[in-house]
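**Student:** One line per chain: the protein sequences are A and B, in this order. Start counting the first sequence at 13; every next residue gets the next number (this note's numbering). Start counting the second sequence at 32; every next residue gets the next number (this note's numbering).
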Amino acid sequence: METTAVYFDGLRPVPRAATLSLASDGLMVAAEGASPFLWLYESIRLAEDNVATLRFHREQSGAHTGEQLELPPGDFAQALKARCKALGGSHIERQSLRRKVLFWSSAAIVSLFLIVFYGVPALATRLAPLVPWRTEVALGRAVEGEVLRSLTGGSTKLCEAPGAGKDALAKMVSTLTTHATLPGGVTVRVVDTGMQNAFAIPGGTIFLLRGLIEKADSADEVAGVLAHELGHVANRDSMRGIIHAGGISFLVGTLLGDFTGAGAIVIASRFLLGNRYSRENEAQADVFAIETMAKAGGDVKALGRFLQRVAKMPGERQIELLLSHPVTDDRVAEIERLAPRGPLRPILSPAEWQAMKTICKS
Amino acid sequence: MSETLSEANPVVALDATYRADEGMIVPSATGNDLSPLVWRGLILTIVSMGFYRFWYRTDLRRWYWRNTIIGDQGLEYRGTARELLIGFLFALAVVLPLYFSGSLIALFAGEALGNSVTALSGLVFAVLVQYGAYRSRRYRLTRTFWRGVRFDQTGSAWRYAALSIFWLAASVLTFGLLFPFLRRALERYRIANTWFGSAQGSFVIPMRPLMTRWLLIWLVCMLGLGAALIAFGMMSFDMEAFESGQAPFVGLGAVLAALVVPFMLWPLYRAAEFRAFTNGTAIGDVRFVSNLRTSSYYGIFFRFAAVFLILFILWGMVLATIGYALISAGLMSFTVSYLPVAFIGLLMVGYLGTFLLFGGIKEIVLNQRFWRLAAQTLTIVNLEAADSVLAQSVNDEAATGEGLADAFDFGGV
């Protein structure tokens with residue numbers, strides 16, 4: 013059996029016609045301008061199969077010699093391939109490796125999901141209390157300006173002028189904080205915006221938005237909301253949130269790289285997870301709010317009433333509060349159930365409450 | 032897009048050494064269609080959360096190299112996916128600490144210092160990107176063979192990065208006027224450090240014809256930008272006219288023009304640049320002449336845009352139908368607080384589908400067409416000179432292959 017092929021010696025890029033024949037222990041190559049020589053079958057490698065031109069290389073002690081033969085697929089090539097036992101050399105990708113990659117990366121997806129759903133939240137809960145309070149305060153300072161700007165679009169006005177309103181707020185805060193165990197000092201700041209919301213940022217700063225104070229019917233409703241936010245501070249939810257979000261971004265953004273768009277799956281699941289995660293956090297903050305309000309002698313049901321009323325309010329305004337504080341009937345029922353019964357001591361006097369309502373007008 | 036030809040596809044732009052008259056596409060036993068390879072590769076890449084991309088990219092390169100016929104022989108790509116994977120892991124070791132220290136410092140340093148840290152890390156990343164691009168090109172060249180002889184790239188990736196930063200600064204300071212000089216400086220460095228065996232690359236081009244064309248494009252863009260700025264200024268001063276609905280059409284039109292015009296004019300420059308760069312390139316005594324026509328170059332863009340748009344609209348209709356069916360079946364109801372699971376699922380499917388669609392169309396209708404066009408309009412002069420080339424020993428220990436380039440996601444093909 014004989015065929016013709018093109019031979020390259022690996023030293024010069026010059027094609028040479030060659031006649032090939034199959035000997036017992038190797039391929040006999042008779043290239044023009046050289047005496048015939050033998051390629052041992054075990055030293056022959058095939059770069060790629062199923063292509064128009066087959067390229068055979070010769071390897072010696074694991075290294076490429078640079079020599080190569082090019083011939084079309086056909087009977088001779090088939091016969092040659094059948095005789096070579098190690099066609100796939102060190103430079104050729106084996107199919108088994110490809111399958112291994114596919115298997116293990118699928119396995120990696122499963123473990124990634126487990127980490128995202130269970131590992132990172134657990135880690136955040138354990139790690140957050142270990143972060144020093146002053147670190148959290150520094151973090152809070154770093155983000156405070158940005159948060160305010162995002163609220164009011166640049167011209168942020170804080171309602172901090174000295175006066176009766178400020179004193180009333182200070183009284184409410186100190187009444188609540190003396191009955192709560194907190195990791196550090198708390199600052200409550202009223203922002204002059206019509207949005208109805210309240211939230212805590214890292215480091216114990218709570219922003220109370222004017223719209224919420226105006227919407228409330230009593231001081232106890234505002235105090236309930238404030239106690240709820242104090243619950244977030246006490247549980248270090250901001251820190252947990254940062255570790256949680258950071259951990260997931262780390263996994264998605266850098267470890268895997270969102271090269272494929274597959275990271276979208278993780279982002280979406282994080283979204284779903286975030287819903288559940290924040291629901292748990294809100295419930296815990298509610299429990300804290302109820303305990304604190306009870307100790308302070310306030311009306312523990314005020315928070316529940318307020319949330320319910322806001323939820324039933326028509327229009328778009330309600331959404332701001334609801335987005336960060338999802339209200340469910342369960343939650344209100346839970347507040348009602350946990351509320352202890354006893355005589356009430358108003359958190360603020362009617363005059364103080366009036367002053368607080370106009371805190372931004374002084 | 033700017034790098035599609037010269038960097039992403041070194042065969043065509045830099046080492047394109049085939050004779051147009053002999054044709055470059057060989058019929059092969061399994062057919063010569065790129066599509067199955069692309070679709071399979073992209074789907075497996077999604078399924079494997081990205082890890083398959085190293086294999087996909089390697090398959091893709093083998094295909095392009097194999098089908099690039101010079102004289103009678105196709106190029107051979109001998110890189111492996113394993114090398115790409117290892118390179119990626121190496122790069123992560125460098126990029127991750129940088130990424131983290133950068134963002135930590137920026138977070139704790141306070142506003143003023145934080146901004147300068149952010150700017151500095153931007154510069155560091157710009158340098159690393161260029162460094163990575165040069166290393167990546169070296170990797171591809173050292174794995175490219177023709178007639179049993181290997182290509183190589185010398186030169187320093189750091190010097191290349193410095194060169195790009197210098198010219199980038201010059202371009203920015205002149206509002207883009209010196210941009211062609213940036214392109215020339217980088218291409219010259221790349222080509223002058225390219226080797227085929229013992230034959231070294233050389234690169235000499237006259238700047239005048241290129242600059243003439245660039246100046247025209249640049250002026251048009253500047254005029255558009257100026258008009259947009261003036262219109263924008265009018266809009267913000269004349270809010271009444273804006274609200275009554277008279278100004279916005281003029282203003283938005285101008286802003287749109289300022290954005291769209293440069294984009295539309297880019298191929299005009301790029302085609303001229305491609306011809307100039309190709310004609311200025313020599314490897315040893317082998318020279319190249321490109322007859323790429325600007326209109327054919329535009330044709331590929333428009334074709335790509337049309338195909339993608341049509342498929343994208345069809346895909347959107349499919350998604351809308353599914354969404355409508357889910358809502359009618361009561362499986363997807365919107366409440367205030369939570370987005371329904373089915374909706375998020377649909378979003379995911381939509382996103383992945385679009386990714387797949389775009390990736391596939393881009394490879395098949397854009398990259399492949401560019402490669403064909405560039406090859407078919409290329410003539411090789413004095414190919415016989417290649418016969419006197421001697422193979423050189425090449426240090427291919429660069430296991431970190433395309434590491435950095437890959438970590439920044441511009442490895443391309």
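Glycine included, each C-beta is placed from N, C-alpha and C at the ideal position. Bear in mind that the values here come from a model prediction, so they are computed numbers and not experimental data.
Are there three or more Cβ pairs, one per stretch, closer than 8 Å when the stretch 356-367 of chain A is compared with the stretch 180-196 of chain A?
**Tutor:** Touching, per the Cβ criterion.
**Student:** Could you give the residue range of the alpha helix (DSSP H) that holds Gln366 of chain A?
**Tutor:** As a first step, residue 366 of chain A is located in the first sequence; it is residue number 354 there, counting from the start. First-last of the alpha helix (DSSP H) with Gln366 of chain A: Pro362 to Lys369.
**Student:** If you draw a straight line from the C-alpha of Leu204 of chain B to the C-alpha of Ile213 of chain A, how long is it?
**Tutor:** Counting from one through the second sequence, the residue named residue 204 of chain B turns up at place 173. Counting from one through the first sequence, the residue named residue 213 of chain A turns up at place 201. If you take the alpha carbons of Leu204 of chain B and Ile213 of chain A, they lie about 41 Å apart.
**Student:** What are the residues of the stretch 377-402 of chain B that lie near chain C, defined by any Cβ-Cβ distance shorter than 7 Å?
**Tutor:** Absent from the structure: chain C. Protein chains present are A and B.
**Student:** If we cut at 8 Å on Cβ distances, does Glu60 of chain A have a partner in chain B?
**Tutor:** Working through the first sequence from its first residue, we reach residue 60 of chain A at position 48. Closer than 8 Å to some Cβ of chain B, the Cβ of Glu60 of chain A qualifies, so yes.
**Student:** Check whether the stretch 66-84 of chain A and the stretch 105-125 of chain A touch, using three or more Cβ-Cβ pairs below 8 Å as the test.
**Tutor:** Counting Cβ pairs under 8 Å, fewer than three are found: no touch.
**Student:** What first and last residue would you give for the alpha helix (DSSP H) that runs through Ser55 of chain A?
**Tutor:** As a working mapping, residue 55 of chain A is identified with position 43 in the first sequence. Run containing Ser55 of chain A: none; DSSP gives neither H nor E here.
**Student:** With a 10 Å radius around its C-beta and 16 neighbouring C-beta atoms as the bar for buried, classify Gly81 of chain B as buried or exposed.
**Tutor:** If you number the second sequence from 1, residue 81 of chain B lands on position 50. Flag for Gly81 of chain B reads buried.
**Student:** Measure the C-alpha to C-alpha separation of Ala30 of chain A and Ala188 of chain B and round it to an integer number of angstroms.
**Tutor:** Within the first sequence, the letter at position 18 stands for residue 30 of chain A. Within the second sequence, the letter at position 157 stands for residue 188 of chain B. Spanning the two alpha carbons is a distance of roughly 42 Å.
**Student:** Would you give the residue range spanned by the beta strand (DSSP E) that Val185 of chain A belongs to?
**Tutor:** Within the first sequence, numbered from 1, the residue matching residue 185 of chain A stands at position 173. Looking at the DSSP string, Val185 of chain A is not in any beta strand (DSSP E); the run it does join, the alpha helix (DSSP H), is Ala176 to Thr190.
**Student:** Please determine, among B:Ala192, B:Phe212 and B:Tyr191, the residue with the shortest C-alpha to C-alpha distance to Ala201 of chain B.
**Tutor:** Along the second sequence, read from residue 1 onward, the residue named residue 201 of chain B stands at position 170. The residue with the shortest Cα to Cα distance from Ala201 of chain B is B:Phe212.
**Student:** Leu135 of chain A touches chain B at which residues, Cβ-Cβ below 8 Å?
**Tutor:** As a first step, residue 135 of chain A is located in the first sequence; it is residue number 123 there, counting from the start. Under the 8 Å cutoff, chain B gives no residues; its nearest Cβ is about 17 Å from Leu135 of chain A.
**Student:** Could you tell me which whole alpha helix (DSSP H) segments of length 4 or greater appear in the stretch 133-216 of chain B?
**Tutor:** Those alpha helix (DSSP H) runs which fall completely within the stretch 133-216 of chain B and span 4+ residues are 142-173 and 188-204.
**Student:** Contact defined as beta carbons within less than 8 Å: I believe Leu58 of chain A pairs with Phe68 of chain A. What is the distance between those atoms, to the nearest angstrom?
**Tutor:** By 1-based counting over the first sequence, the position of residue 58 of chain A is 46. By 1-based counting over the first sequence, the position of residue 68 of chain A is 56. Confirmed, Cβ separation roughly 6 Å.
**Student:** Nearest to Gln423 of chain B by CA position, among B:Ala360, B:Trp249 and B:Phe227, is which residue?
**Tutor:** The residue given as residue 423 of chain B occupies position 392 in the second sequence. Checking every option, the nearest Cα to that of Gln423 of chain B belongs to B:Phe227.
**Student:** Relative to the alpha-carbon of Leu106 of chain B, which residue among B:Tyr87, B:Phe176 and B:Asp90 has its alpha-carbon at the smallest distance?
**Tutor:** Locating residue 106 of chain B in the second sequence gives position 75, where the first residue counts as 1. When only C-alpha atoms are compared, the closest one is B:Phe176.
**Student:** Could you tell me the boundaries of the beta strand (DSSP E) in which Thr225 of chain B lies?
**Tutor:** Taking the first residue of the second sequence as position 1, residue 225 of chain B is located at position 194. From DSSP, the beta strand (DSSP E) with Thr225 of chain B extends over Thr225 to Phe227.
**Student:** Considering Ile74 of chain B, what are the terminal residues of the alpha helix (DSSP H) in which it resides?
**Tutor:** Residue mapping note: residue 74 of chain B aligns to position 43 of the second sequence, counting from 1. From DSSP, the alpha helix (DSSP H) with Ile74 of chain B extends over Ser66 to Val78.
**Student:** DSSP three-state label for Gly302 of chain A, please.
**Tutor:** Along the first sequence, read from residue 1 onward, the residue named residue 302 of chain A stands at position 290. Going by the sequence as given, residue 302 of chain A is Ile instead of Gly. The answer is helix: DSSP assigns Ile302 of chain A an H, G or I state.
**Student:** Between which two residues does the beta strand (DSSP E) containing Thr40 of chain A stretch?
**Tutor:** As a working note, residue 40 of chain A is residue 28 in the first sequence. Reading off the sequence, residue 40 of chain A comes out as Met, not Thr. From DSSP, the beta strand (DSSP E) with Met40 of chain A extends over Gly38 to Ala43.
**Student:** Between which residues of its own chain and Ala235 of chain A is the CB-CB distance below 6 Å, once the five residues before and five after are set aside?
**Tutor:** Here residue 235 of chain A is taken as the residue at index 223 of the first sequence, counted from 1. Answer for Ala235 of chain A: Met184, Gly310 and Ile359, listed in chain order.
**Student:** Give me whichever residues DSSP pairs with Gln231 of chain B in a beta bridge.
**Tutor:** Along the second sequence, one-based indexing puts residue 231 of chain B at 200. Paired residues: B:Trp226.
**Student:** Between which two residues does the beta strand (DSSP E) harbouring Val200 of chain A extend?
**Tutor:** Locating residue 200 of chain A in the first sequence gives position 188, where the first residue counts as 1. Thr199 to Val203 is the extent of the beta strand (DSSP E) around Val200 of chain A.
**Student:** Could you name the residues of the same chain whose beta carbon sits closer than 6 Å to that of Gly38 of chain A, not counting the 5 residues immediately before and after it, in chain order?
**Tutor:** Here residue 38 of chain A corresponds to residue number 26 of the first sequence, with the count starting at 1. Leu50, Trp51, Leu52 and Tyr53.
**Student:** Closer than 7 Å by beta-carbon distance: list the chain A residues that pair up with Tyr87 of chain B, in chain order.
**Tutor:** By one-based count along the second sequence, residue 87 of chain B stands at place 56. The contacting residues do not exist; Tyr87 of chain B stays about 10 Å from chain A at best.
**Student:** Closest by CA to Met207 of chain A, which one among A:Leu163, A:Ala182, A:Leu238 and A:Gly243?
**Tutor:** Numbered from 1 along the first sequence, position 195 holds the residue referred to as residue 207 of chain A. If we check each option's Cα against that of Met207 of chain A, A:Leu163 comes out closest.
**Student:** Against chain B, with Cβ distances strictly below 8 Å, would Val41 of chain A count as a contact?
**Tutor:** For the purposes of this step, residue 41 of chain A is identified with residue 29 of the first sequence, where counting begins at 1. No - not a single Cβ of chain B is within 8 Å of the one on Val41 of chain A.
**Student:** Do you know offhand how far Ala301 of chain A's Cα is from Val237 of chain A's?
**Tutor:** By 1-based counting over the first sequence, the position of residue 301 of chain A is 289. By 1-based counting over the first sequence, the position of residue 237 of chain A is 225. Cα to Cα, the separation comes out at about 8 Å.
**Student:** Find the nearest neighbour of Tyr87 of chain B within the set B:Leu323, B:Leu68 and B:Ser229, judged by alpha-carbon distance.
**Tutor:** In the second sequence, counting from the first residue as 1, residue 87 of chain B sits at position 56. Considering only alpha carbons, the answer is B:Leu68.
**Student:** Do you know offhand how far Gly347 of chain B's Cα is from Gly381 of chain B's?
**Tutor:** By one-based count along the second sequence, residue 347 of chain B stands at place 316. By one-based count along the second sequence, residue 381 of chain B stands at place 350. Looking at the two C-alpha atoms, the distance is approximately 8 Å.
**Student:** Classify Ile100 of chain B as helix, strand or coil using the three-state DSSP reduction.
**Tutor:** In the second sequence, the residue the question calls residue 100 of chain B occupies position 69. Here Ile100 of chain B sits in strand by DSSP.
**Student:** In the stretch 305-354 of chain B, which residue ranges form an unbroken beta strand (DSSP E) of at least 3 residues, counting only runs that do not cross its ends?
**Tutor:** Taking only runs of at least 3 residues, the beta strand (DSSP E) segments lying wholly in the stretch 305-354 of chain B are 312-314 and 317-321.
**Student:** Is Gln320 of chain A helix, strand or coil when you go by DSSP?
**Tutor:** As a first step, residue 320 of chain A must be located in the first sequence, where it is residue number 308. It is helical.
**Student:** For Ala289 of chain B, tell me which candidate among B:Gly257, B:Asp64, B:Arg174 and B:Leu194 has the shortest Cα-Cα distance.
**Tutor:** For the purposes of this step, residue 289 of chain B is taken as residue 258 along the second sequence, with counting starting at 1. Comparing Cα positions, the closest option is B:Gly257.
**Student:** Contact criterion: CB-CB distance below 8 Å. Does Asp183 of chain B meet it with respect to chain A?
**Tutor:** Here residue 183 of chain B is taken as the residue at index 152 of the second sequence, counted from 1. Chain A contact via Cβ: absent.
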